[in-house]
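Quick note on UniProt numbering: the sequence shown kicks off at 1 and runs consecutively.
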Amino acid sequence: MQMTLSKSVSSFLNDFSRRVRFILPQKAVGMYIYGSVALEAFNSNKSDLDFVVFLQEELDKKELRALKELHRQLVKTSPYGEKLDGMYLQENHAGKDNKNQPQYPYCENGKIKTGYWDVNGITWWMIKHRGIDLFGPPAEELDLEESFEQVEKTLDYNLTYYWADKAGSRKNFVKDEDVEFAVLTIARILYSIDRKDIVSKEAALNWLQGQSMEKWETLLSEAKRLRTGNQEKMLYSNRTARAKECRLFAEEMIKNYKESK
């Protein structure tokens, strides 16, 4: 899939892909962008640059050192360097989850580590249906799962386990970024389950506000205020009240989802 990107993002990603191919000329066989960029919703203040590079075979120690140095240089020379968030996976593991492949190099906030990262049904569906190919076969031609079933399984786990655990602690949802992340992410999960599609967090929040959510309108508006960088005063009297409402929101969304299954 090809689409129009801002000149600065496009220039950075093209340089990134060129430099990956330069240091891994025989092993790098494809690079794909997904996430907010692919959804045409990249926010330079909020978003990551999500990517996957497919490798013909495992990297050796010399190649891994070169890769780490590349990312260090990208962080030094571009504000987008630390926004890189992705994986270097062997191509024969495309479509597999973390349980079914060995550890791999991944990039978090522009730094290369080895272990497991963002590999799940959502990742593969996004690449297959929304991915931007910087080099390699077109994303839509990759041998990846076509159906939404694996996405739904991942969403179900995220909502009923990850967010249920978060909502169970009074320590969570105090910071601005935690409230924003919780509300927008839950909104996108609910949208995706309902519509069998994936859209930006902003679009999902707008959708949720139209779903007879008057009870939560203050919280949804607060999340939108935080997302857009609006410097107006917080819509709650204090952070404790806001955190409590965020927990109650998460709990109710999870409860409603379970009852609808």
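From the three backbone atoms N, C-alpha and C, an ideal C-beta is built for every residue, glycine too.
Member of 107, 116, 86, 235 whose CA lies at the smallest distance from the CA of residue 98: 116
Residues near residue 54 by beta carbon distance below 7 Å, same chain, minus five either side: 29, 30, 89, 91, 94, 136
Where the alpha helix (DSSP H) through residue 191 begins and ends: 176-195
Paired residues, beta bridge with residue 133 - DSSP: 32
Cβ pair residue 218, residue 245 closer than 9 Å: yes
Coarse secondary structure for residue 112, derived from DSSP in three states: strand
Residues sharing a beta bridge with residue 15, DSSP: Beta-bridge pairing by DSSP links residue 15 to no other residue.
Reduced DSSP secondary structure (H/G/I, E/B, other) of residue 101: coil
Cβ pair residue 134, residue 17 closer than 9 Å: yes
Buried versus exposed call for residue 174 [16 or more other C-beta atoms within 10 Å across all chains shown]: exposed
DSSP state of residue 249 mapped onto helix, strand, coil: helix
Beta-ladder partner(s) of residue 90, from DSSP: 55
Below-9 Å beta-carbon distance, residue 6 vs any chain D residue: Considering every chain present, this structure includes no chain D. It has just one protein chain.
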